[in-house]
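Protein chains in written order, with our numbering: chain A, 334 to 856; chain B, 334 to 856; chain C, 330 to 592; chain D, 330 to 592.
Just so it is clear, CB atoms sit at the ideal spot from N, CA and C, and this is done for glycine as well.
In this text, all values refer to a predicted model and were calculated from it rather than measured experimentally.
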Amino acid sequence: MTTAVRTPGKLGLDPALVRRARELAARAGRPVVDLARSHTTVAVERATLRLAGLNGADPEGIPWANRLVDAVRDQVGLEHGVCLPVWEALRSGEYRDLTDLAARAATRTVPFRVPEGDAAVRSEAAARTAVGRGIARIDERRREREELVRRWGNPKGPWIYLIVATGDIHEDIRQAQAAAQGGADVIAVIRSTGQSLLDYVPDGATREGYAGTYATQENFRLMRAALDETSAELGRYVRLTNYASGLCMPEIAALAGLERLDMMLNDSMYGILFRDINPVRTFVDQRFSRQLHARAGIVINTGEDNYLTTADAVDAAHTVTASQLLNEYFAKEAGLADGQLGLGHAFEIDPAVPDSFRLELAHALLARELFPDAPLKWMPPTRHMTGDVFHGYLLNGFFNLAGALTEQSILLVGMMTEAVVTPFLSDRDLALRNIRYVLDAAGGLAEDFHPAPDGLIARRAGQVLGEAIDLLEDIRERGLLDAIAAGTFGGMRRTAEGGRGADGVVARAAGYRNPAIDLLETT
Amino acid sequence: MTTAVRTPGKLGLDPALVRRARELAARAGRPVVDLARSHTTVAVERATLRLAGLNGADPEGIPWANRLVDAVRDQVGLEHGVCLPVWEALRSGEYRDLTDLAARAATRTVPFRVPEGDAAVRSEAAARTAVGRGIARIDERRREREELVRRWGNPKGPWIYLIVATGDIHEDIRQAQAAAQGGADVIAVIRSTGQSLLDYVPDGATREGYAGTYATQENFRLMRAALDETSAELGRYVRLTNYASGLCMPEIAALAGLERLDMMLNDSMYGILFRDINPVRTFVDQRFSRQLHARAGIVINTGEDNYLTTADAVDAAHTVTASQLLNEYFAKEAGLADGQLGLGHAFEIDPAVPDSFRLELAHALLARELFPDAPLKWMPPTRHMTGDVFHGYLLNGFFNLAGALTEQSILLVGMMTEAVVTPFLSDRDLALRNIRYVLDAAGGLAEDFHPAPDGLIARRAGQVLGEAIDLLEDIRERGLLDAIAAGTFGGMRRTAEGGRGADGVVARAAGYRNPAIDLLETT
Amino acid sequence: MITAPDLDLDLPTLPRTATTVRPYGDTTDDGMVQVSFTLPVPHGPLADGAALQLARKMGIDRPLLVHSKPIGRDFSFFVVYGPVVHEVDLDEIEVVEREYPLLTAKEANSAVSERLGRKLVVLGACIGTDAHTVGIDAILNIKGFAGEKGLEYYKELKVLNLGAQVSVPELVRRARVEGADAVLVSQVVTQRDAHLTNVKELAAELRAEFAEHERPLLVVGGPRFDPGTAAELGADRVFGRGTTPSDVASYLVHALTGAELTG
Amino acid sequence: MITAPDLDLDLPTLPRTATTVRPYGDTTDDGMVQVSFTLPVPHGPLADGAALQLARKMGIDRPLLVHSKPIGRDFSFFVVYGPVVHEVDLDEIEVVEREYPLLTAKEANSAVSERLGRKLVVLGACIGTDAHTVGIDAILNIKGFAGEKGLEYYKELKVLNLGAQVSVPELVRRARVEGADAVLVSQVVTQRDAHLTNVKELAAELRAEFAEHERPLLVVGGPRFDPGTAAELGADRVFGRGTTPSDVASYLVHALTGAELTG
Ligand code: B12
Ligand code: B12
Ligand SMILES: Cc1ncc(COP(=O)(O)O)c(C=O)c1O
Ligand SMILES: Cc1ncc(COP(=O)(O)O)c(C=O)c1O
């Protein structure tokens with residue numbers, strides 16, 4: 334990612350402490366992984382069907398994947414997964430294909446049953462073949478990306494990441510292309526408010542989002558194609574990002590793989606904390622979605638930055654570190670490599686706090702040194718941005734500088750209108766000019782940045798690491814679900830039973846089969 | 334000035350080289366000092382009269398000081414100075430006072446002569462008494478400042494310096510007060526275009542300057558009084574600055590001392606280079622004006638920053654260093670203390686130059702380490718500011734940061750509208766917010782800033798020092814006047830004979846007397 | 330020794346009592362403003378001309394086009410400075426001045442218990458798909474805002490905070506069930522005027538559902554609301570940026586118990 | 330293996346051929362602009378109301394007052410965003426297009442020697458109290474600007490650069506003495522419209538001093554000039570920001586030798 338050679342250990346962190354922190358995160362996370370392995374969700378099952386090629390929606394816009402999973406669930410439940418009953422039905426009935434089956438199932442005229450014995454073996458094999466085609470397609474898109482990157486090359490410095498958020502895919506495309514022409518390396522299409530709470534993925538090209546554009550397979554395709562066009566023109570591979578989080582995390586992950594998205598927002602707890610989605614639902618969905626991302630060669634971006642929009646960035650700094658360690662554990666367990674871990678953090682300290690910039694450097698450097706091989710995602714100020722756009726532009730410049738000094742990998746470029754509107758075309762262009770100046774003028778300043786051994790920065794980093802370890806200690810003891818319920822992260826209290834989408838969680842039966850998971854875990 | 338303890342020697346400059354540079358500057362400067370000591374100018378003589386209490390102007394606005402010096406010169410020349418003939422006339426004629434004499438002299442009815450023997454002694458003594466009163470008044474104003482500063486205190490960090498430039502002293506006052514309330518430590522009232530080429534100091538309060546306000550005794554008084562009012566209200570002594578440079582350098586220096594201005598722009602070469610004023614005139618005027626500043630406890634600000642508006646800031650960096658060393662030599666020779674040497678330099682590297690910010694740090698740190706005890710004046714970007722006010726605001730932020738990292742003493746705060754208009758009220762307020770953020774958030778970052786020993790910054794600083802030494806070597810050989818004629822500074826070629834005001838220079842006769850110079854040099 | 334500054338300035342008096350003012354760049358009445366915008370015109374002389382035309386239409390006399398830059402191929406961005414011809418008539422401005430006293434929590438509590446004789450029920454939510462709860466939490470949660478405790482701290486207020494993304498029908502239903510005296514709604518997302526649409530919809534539903542005398546007070550807040558627009562939105566009161574809990578508590582006491590005083 | 334992107338976008342066509350456009354924030358025709366200004370009104374609700382009124386007068390429909398801050402005691406500073414109602418009519422814009430070919434130094438030289446048969450005399454200066462010579466030097470000095478050599482480099486041009494702060498009478502006198510074909514004047518200081526006043530004065534003096542057929546061409550330049558204002562100023566041509574020497578040389582050749590071609 335960033336090619337600069339990092340001087341190791343500017344902070345002089347104690348390696349034993351770092352090891353201990355990782356160990357605690359693993360121990361705190363393991364019970365949750367067990368939960369994920371012993372449950373499925375409607376979204377996991379729908380995603381599996383999508384891999385098998387079931388896309389499109391009925392005339393009301395409800396996707397066939399939803400129709401089919403709902404029908405199966407109604408009749409035989411999801412304890413065994415959707416595949417056994419679906420391919421059993423396909424094998425035994427007169428259905429042209431999955432879509433045809435789904436359409437008929439929607440009228441409740443398909444009798445589903447969970448096959449056993451030989452029938453089960455055959456149905457599972459058929460399902461595996463179908464799902465395998467989807468996974469092969471994902472593999473193909475991954476190779477495609479690798480070839481394009483080889484052809485056009487990667488950015489030299491940190492990846493410059495910009496959002497578009499018009500609500501209209503066509504305006505988004507114009508703006509994304511202009512941003513890429515202006516120097517963006519990564520384009521994120523922000524989603525419409527409310528999409529994450531939809532328990533289905535909308536269909537087709539859309540132009541009516543609020544403060545963001547719906548994530549749909551067609552929108553993914555259109556934007557990726559537009560960026561391919563621009564990449565070819567620029568001779569630089571421009572990456573595309575969207576959001577996996579929400580009630581449809583696994584499905585969107587599948588679609589992202591199929592449409593060659595390059596990075597995805599995917600956090601183990603964001604949905605729980607900020608969308609009040611049921612914790613178990615989230616953890617189950619998260620694991621499957623990450624397995625898909627791992628396969629697709631997609632870099633995930635975690636959401637620790639969000640904590641600092643509701644909790645204080647100084648007081649809660651250690652919760653970011655603790656969460657990063659948890660996200661790392663969950664990600665690796667799901668098969669993601671270090672190079673795919675875009676762990677999130679942010680420049681959100683109140684600028685009125687004395688030495689705020691140096692404290693930011695302490696936090697950012699701590700993350701950098703804890704995760705030396707991860708493409709860290711560094712988020713700009715949002716909470717303390719105001720309508721004073723001039724000052725906001727300056728603050729964003731200092732954010733960019735902190736990113737350069739601490740060698741962050743993915744720089745989300747801040748918008749001077751953060752407190753005003755979703756970004757204007759010109760905000761993005763100005764933001765690019767801002768980061769370009771900072772990187773060109775001061776990009777190499779890391780060479781001269783050496784926190785005084787017992788200075789403010791080193792002391793602060795040590796303190797945050799210490800507090801993170803204490804917190805992980807506590808989480809391991811009381812359990813992660815309990816810690817979340819107590820408001821540990823972002824000050825949001827979410828109980829294990831509460832939240833949306835809980836009814837979409839199903840404990841797996843002994844005979845649960847999901848060829849997608851099998852394929853992802855074994856190949 | 335700045336109270337921070339400076340880590341000495343971040344650049345590892347060779348002390349022998351530094352000594353050599355100083356020595357060369359002294360040797361290059363000495364012949365010019367000799368020139369200054371052997372000449373006088375109309376402005377020096379007028380300033381002397383002003384010290385003796387001659388102020389005001391005739392009905393056409395021509396100051397009495399001009400009238401009187403011109404009359405004396407017409408009749409007996411200025412080789413002996415204005416004092417001998419003037420006090421001789423006063424002693425022998427029926428004039429109420431100096432003004433009365435001047436008024437009559439203007440009608441050419443006063444017979445002047447240069448007294449000799451006893452008469453000369455008596456005239457000189459009378460002159461000394463009169464001039465001594467002016468100097469005593471300057472001493473009093475200095476003590477006044479010292480008391481006010483004791484009472485209200487000095488700024489803690491660097492001095493934050495802002496300009497007002499409306500052309501109207503009344504608008505200037507409103508804006509200066511608002512700026513002080515917003516955090517300014519020093520207010521500079523920019524002069525009207527063209528004033529520096531006037532061979533007299535306008536009289537009274539003025540409201541019709543272009544892009545600046547006339548420097549007059551009354552304007553000085555009004556602004557100082559307004560700032561005293563605001564200082565009292567804020568409990569912080571707000572300093573006032575104006576410009577000595579120009580054809581009236583010595584007179585304005587006298588008025589500044591009399592009206593308790595606190596700092597003055599005063600450069601040994603600015604008038605030559607940027608106003609095409611005769612070099613000899615400038616050097617003579619400069620010496621006397623600096624003697625006055627020394628007495629008045631005024632901090633001078635030199636003008637090396639200007640070179641970088643006409644010459645390239647990288648190519649010409651060493652000319653700044655060489656000039657600072659020359660300015661230092663001239664200043665000390667005139668009696669100024671280290672603490673009064675606001676040597677100038679600037680952040681003017683084209684931001685499109687790779688590593689521009691680090692190069693700025695190299696230049697700024699070099700000045701800091703060459704002149705550890707001087708209150709360096711650090712000027713913001715002007716030349717590469719554009720109508721993109723957002724970007725300009727950012728660039729100013731990085732200027733502020735460079736100032737903090739290299740512990741500059743007087744920070745001129747940049748205006749986002751630099752390329753557009755003389756500052757708006759709001760530009761100044763935004764600029765204050767900018768510097769406040771930078772100092773509060775990153776003011777202590779110098780602790781963590783350690784240029785890599787053989788890194789870009791240290792290498793660049795060493796290179797500039799080396800080039801400055803070579804240049805001083807060359808200047809010493811060919812002579813400073815010749816070097817100036819060759820376009821060494823700011824790319825401006827000015828011959829020793831050319832330029833405005835040459836006819837105001839007069840070689841001193843053996844019997845030249847100037848009690849002001851005597852008093853300034855002996856007490 | 331130091332004499333009081335003898336300040337004898339003949340300053341032009343500020344137009345504090347005048348009814349019209351103009352923008353101030355660096356001189357009284359110079360009218361100077363700064364404007365920036367993008368036009369969907371490829372960069373070049375035509376685009377520059379277009380920018381100047383727009384500036385003139387905005388009332389900028391002799392506009393200075395100080396920055397002009399292409400964005401992508403189809404757009405150009407501009408910065409313009411110049412004097413506007415407009416004057417602002419201060420007499421014509423309708424200021425929503427607080428017409429009620431600012432109360433401490435104690436005062437508010439006693440007013441409620443004395444005048445209402447029961448707890449005042451406050452229902453809060455972010456409606457529509459808006460999930461920005463920080464603003465409403467700042468007003469309602471004990472933690473509060475800007476050093477003031479939130480409404481939950483007021484013992485005579487019964488506060489129910491429904492949180493984010495509550496639908497209008499659900500909120501109206503809960504208002505009925507809880508017997509809410511006031512419904513407090515936050516809207517932060519303003520894109521495509523979502524905040525205005527949502528509030529108008531809620532106002533209409535409340536009016537449809539409740540008779541006027543039993544209708545809970547509708548109090549709306551968010552950073553991009555103009556307090557002057559309550560009537561237009563069908564709300565009883567609109568709060569903008571930087572509202573503090575005591576602003577709101579004082580208003581509630583005034584609006585919901587004030588009648589008792591005179592009635 | 331990699332197929333060409335199958336891009337089938339039904340993009341709204343840009344109004345390139347349309348004659349009217351509106352500012353673009355993030356959606357076609359949203360009309361969004363950003364404005365900032367100071368009002369001489371103490372900070373508070375009245376000042377905020379005044380800012381909104383001004384924004385409306387500028388044609389901003391539903392202005393968002395996003396920033397409001399006191400400056401000192403008597404002033405307030407504002408940032409406003411919002412959609413303007415105005416449309417820009419591209420058909421109405423008069424663009425000063427270059428009506429002459431851009432010549433290389435060589436081409437310019439041969440045009441002068443062929444058509445004029447003698448050197449073309451160019452006199453340059455900063456007039457009034459303006460001492461900003463960098464701009465005129467960029468045009469005249471060999472060193473030049475933006476990689477182009479200045480007019481001194483053109484061997485068929487005789488260039489005299491009088492430098493800074495030249496008075497109008499002095500310049501007119503020199504124009505006569507040197508037999509100048511063109512007078513090139515730079516004005517950078519614009520405060521109180523100094524640049525406009527000075528140029529108008531020079532134009533009048535030149536006309537008073539010379540018969541029209543012998544009057545040297547008056548070419549004016551500086552960063553804040555609008556090239557469309559030549560007639561108004563009494564100049565023959567006005568150059569703005571970013572002018573290069575060859576722009577000027579080509580114009581001089583066109584204006585001073587072009588007549589020969591047709592005449
Ligand atoms: C924090 C934040 C978030 C957090 C929210 C966490 C949470 N639980 O609330 C997170 C990270 C989750 C988030 C997500 C998103 N956000 Co957000 N977010 C912000 C941010 C940075 C700060 C908002 C805030 O908390 N302000 C602090 C509070 C205290 O201020 P306040 O809300 O103005 O409240 C005060 C007053 O307005 C008033 N008030 C407010 N409500 C009420 C109610 C009543 C009854 C009363 C009396 C008073 C009152 O009193 C409060 C105290 O003074 C702003 C940018 C900014 N700097 O403003 C963007 C911003 C609001 N977000 C925005 C967007 C678009 C989103 C997303 C939709 C992006 C996306 N598509 O993914 C998502 C989804 C959210 C959704 N579905 O609504 C946009 C809205 C653009 C617009 N104008 O339409 C903003 C402006 C950023 C931007 N420029 O794009 N966001
Ligand atoms: C360099 C500079 C100086 C230098 C000038 C050195 C010199 N020998 O020229 C110094 C330091 C001496 C200086 C002093 C002052 N300056 Co000054 N200075 C600038 C600065 C930073 C850059 C100007 C510049 O050189 N631009 C580069 C050249 C190449 O661009 P240009 O002039 O636009 O020229 C191009 C075109 O316009 C065109 N062009 C220009 N002239 C001509 C002529 C012809 C015939 C043609 C065809 C084309 C042409 O072609 C050129 C090449 O493309 C600007 C701020 C800025 N960033 O713009 C302030 C600025 C111009 N200065 C300003 C002021 C006020 C002053 C002072 C008056 C301040 C004071 N009171 O002390 C003094 C006094 C000067 C005076 N008496 O005029 C103001 C003017 C404000 C206004 N709009 O009225 C500015 C804008 C700064 C500010 N915001 O306050 N300054
Ligand atoms: C990890 C993560 N997921 C998703 C989102 C977007 O939220 P929404 O659920 O509104 O699409 C964010 C917001 O920044 C995020 O950080
Ligand atoms: C040393 C010095 N003197 C004087 C001036 C101002 O110039 P003038 O008033 O001569 O136009 C400057 C400009 O910055 C300067 O640096």
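Using DSSP bridges, identify the partner residues of residue i.
i	result
proline 399 of chain C	C/Ser405
serine 657 of chain D	Because chain D spans 330 through 592 in this model, residue 657 of chain D falls outside it and cannot be assessed.
aspartate 418 of chain C	C/Thr349
glutamine 363 of chain C	C/Tyr410, D/Ser365
arginine 572 of chain B	B/Val519
Short of 6 Å in beta carbon distance, which residues of its chain neighbour residue i, apart from the five on each side in sequence? Order them along the chain.
i	result
alanine 384 of chain D	Pro392, Val409
proline 583 of chain B	Ala376, Val377, Ala380, Asp618, Phe621, Ser622
threonine 709 of chain B	Here residue 709 of chain B turns out to be leucine, not threonine, going by the sequence shown. Taken in chain order, the residues that qualify are Leu676, Ala700, Gln741, Ser742.
Anything in chain C within Cβ reach of residue i, meaning under 8 Å, just list it in chain order.
i	result
aspartate 645 of chain A	None at all; the shortest Cβ gap to chain C is about 11 Å.
Residues of chain D with CB closer than 7 Å to the CB of residue i, please, in chain order.
i	result
leucine 758 of chain B	Thr367, Ile400, Phe404
So residue i contacts chain C; which residues on that side make the cut at Cβ distance below 9 Å?
i	result
threonine 357 of chain D	Pro369
If you draw a straight line from the alpha carbon of residue i to that of residue j, how long is it in whole angstroms?
i	j	result
aspartate 815 of chain A	valine 365 of chain A	11 Å
glycine 587 of chain D	leucine 531 of chain B	44 Å
glycine 630 of chain A	tyrosine 640 of chain A	27 Å
arginine 345 of chain D	arginine 572 of chain A	With a pLDDT of only 47 at arginine 345 of chain D, under the threshold of 50, the placement of this residue in the model should not be trusted; the figure read from the coordinates follows. Rounded to whole angstroms, arginine 345 of chain D to arginine 572 of chain A spans 29 Å at the Cα level.
leucine 567 of chain A	serine 578 of chain B	53 Å
arginine 793 of chain A	leucine 344 of chain A	10 Å
alanine 376 of chain D	aspartate 555 of chain C	14 Å
Who are the Cβ neighbours of residue i in its own chain at under 8 Å, not counting the five residues just before and after it?
i	result
valine 482 of chain A	Tyr570
Which residues in the same chain have their Cβ closer than 7 Å to the Cβ of residue i, if we skip the five residues on either side of it in sequence?
i	result
aspartate 420 of chain D	Thr348
Any heavy atom of ligand 6 closer than 7 Å to the beta-carbon of residue i?
i	result
tyrosine 603 of chain B	Although ligand 6 was asked about, the structure shown includes only ligand 1, ligand 2, ligand 3 and ligand 4 as ligands.
**Asked** In chain order, what residues of the segment 694 to 726 of chain B put their CB closer than 7 Å to some CB of chain D?
**Response** none
**Asked** When Cβ atoms are compared, which residues of the segment 598 to 614 of chain A fall closer than 8 Å to chain C?
**Response** Phe607, Arg608, Asp609
**Request:** Taking a Cβ distance cut-off of 9 Å, strictly less, list which residues of the segment 745 to 771 of chain A are near chain B, in chain order.
**Result:** Of all residues in the segment 745 to 771 of chain A, Met749, Leu763, Arg766, Asn767, Tyr770, Val771 have a Cβ within less than 9 Å of some Cβ in chain B.
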